[in-house]
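Undergrad:
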Amino acid sequence: MPAQQADDAGSGPPVRRLVVLAGPTAVGKGTVAAYVREHHPGVWLSVSATTREPRPGEVHGEHYYFVDDAEFDRLAREGQLLEWALVHGRARYGTPRRPVEQVLAQGRPALLEIDLQGARKIREAMPDALFVFLAPPSWDDLVVRLVGRGTESPEERQVRLGTARTELAAAEEFDVTIVNDDVSRAAEELVSLMVDPTPAKDS
Ligand code: 5GP
105 MPAQQADDAG SGPPVRRLVV LAGPTAVGKG TVAAYVREHH PGVWLSVSAT
155 TREPRPGEVH GEHYYFVDDA EFDRLAREGQ LLEWALVHGR ARYGTPRRPV
205 EQVLAQGRPA LLEIDLQGAR KIREAMPDAL FVFLAPPSWD DLVVRLVGRG
255 TESPEERQVR LGTARTELAA AEEFDVTIVN DDVSRAAEEL VSLMVDPTPA
305 KDS
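For the sequence shown, counting from 1, position 1 maps to 105 in our numbering; every step adds exactly one.
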């Protein structure tokens, strides 16, 4: 376990300001993150840069910063990304560095929803973060989610299933595992790890 942060001192369970949420493909990380965005505006969610095409309904600057290869190259080269990874062998995704550092400097809880490779890189760069693995209730449940979403081709689905198998095996590297049996329950469990349930009263 990484060392507890200094501002966690006091009564009650330790609270970690930076939480990295990872887990297998289609486990519902994005849905859990969306729930947190809607119900816990005090929690800041990182917006990643990606080279993949927007899906219908996705908004530049809200869900992702959709950039081309040249722009992604520039961000990576200039050290503007805290981490980045090629996901599913297709598109690159990266966490813009400055917003995360600014939010943490303000003492605001921050959530990164990223893939396993990215989580490992953040662990090296920021070992005091809390690493949370979002797990499916079962493998079968995960397969149903992958097939059910229907946004990928059969070939893409096979690639994603392969990635998911490897990713499931990585659960033991994480500090905490949350089972996504219910989105709101899982999201509330996540938030309880990063927001003090009994904030100090104004004096
Ligand atoms: P999707 O294309 O379905 O939105 O996301 C594909 C995968 O990329 C998900 O596992 C998601 O967690 C991951 N991802 C999103 N943003 C980042 C990021 O900034 N860095 C890394 N390493 N992975 C990311």
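Glycine residues also receive a C-beta, built at the ideal position from the N, C-alpha and C atoms.
CA-CA distance, L234 and Q221?
TA: If I take the Cα positions, the gap works out to 15 Å.
Undergrad: Does DSSP put R159 in a helix, a strand or coil?
TA: Coil.
Undergrad: Would you check if the distance between the CB atom of V236 and the CB atom of V124 is smaller than 8 Å?
TA: The answer is yes: Cβ separation under 8 Å.
Undergrad: Under 7 Å Cβ to Cβ from V207, same chain only, skipping five residues before and after it: list those, please.
TA: Once the five neighbours on either side are set aside, the close Cβ partners of V207 are W148 and A214.
Undergrad: Determine which residues share a DSSP beta bridge with P200 and list them.
TA: Note: P200 sits in a beta bridge opposite L185.
Undergrad: Y139: beta carbon under 7 Å from a heavy atom of ligand 1?
TA: No, the Cβ of Y139 stays beyond 7 Å of every heavy atom of ligand 1.
Undergrad: When we look at the beta-carbon of S288 and count the other beta-carbons within 10 Å, is it buried (16 or more) or exposed?
TA: Result: exposed.
Undergrad: Check whether the Cβ atoms of A126 and D244 sit closer than 8 Å, and answer yes or no.
TA: No.
Undergrad: Can you tell me whether L246 is helix, strand or coil according to DSSP?
TA: In this structure, L246 counts as helix in the three-state DSSP scheme.
Undergrad: Can you look up V236 in the DSSP assignment and give me helix, strand or coil?
TA: Reduced to three states, the DSSP call for V236 is strand.
Undergrad: As a quick exercise: from V131, G146 and G132, pick the residue whose alpha carbon is nearest that of S296.
TA: Per the Cα distances, G146.
Undergrad: Can you give the Cα-Cα distance for I282 and D173, rounded to whole angstroms?
TA: Going from the Cα of I282 to the Cα of D173 covers about 34 Å.
Undergrad: What are the start and end residues of each continuous alpha helix (DSSP H) run of 4 or more residues lying completely inside the stretch 122 to 177, in chain order?
TA: 133 to 143, all fully within the stretch 122 to 177.
Undergrad: Terminal residues of the continuous beta strand (DSSP E) containing V299?
TA: From DSSP, V299 is part of no beta strand (DSSP E); its letter is neither H nor E.
Undergrad: Using a Cβ-based criterion (distance less than 7 Å to any ligand heavy atom), does A180 qualify as near ligand 1?
TA: No, ligand 1 has no heavy atom inside 7 Å of this Cβ.
Undergrad: From which residue to which residue does the alpha helix (DSSP H) around T267 run?
TA: P258 to L272 is the extent of the alpha helix (DSSP H) around T267.
Undergrad: Identify, in the order they occur along the chain, each residue of the same chain with its Cβ nearer than 6 Å to the Cβ of R156, setting aside the five sequence neighbours on each side.
TA: The residues are A195.
Undergrad: Give the secondary structure of I218 by DSSP, where H, G and I count as helix, E and B as strand, and everything else as coil.
TA: DSSP places I218 in coil when its eight states are reduced to three.
Undergrad: Residues in its own chain within less than 6 Å of A274 by CB, not counting five upstream and five downstream?
TA: Closer than 6 Å at Cβ, skipping near neighbours: L220.
Undergrad: Do I226 and L216 come within 8 Å of each other at the CB atom, strictly closer than that value?
TA: Yes; because the gap between Cβ atoms is below 8 Å, this pair is in contact.
Undergrad: If you drop the 5 nearest sequence neighbours on each side, which residues of the same chain put their C-beta closer than 8 Å to that of L241?
TA: It is Pro, not Leu, that sits at residue 241 in the sequence shown. V283, N284 and D285, listed in sequence order.
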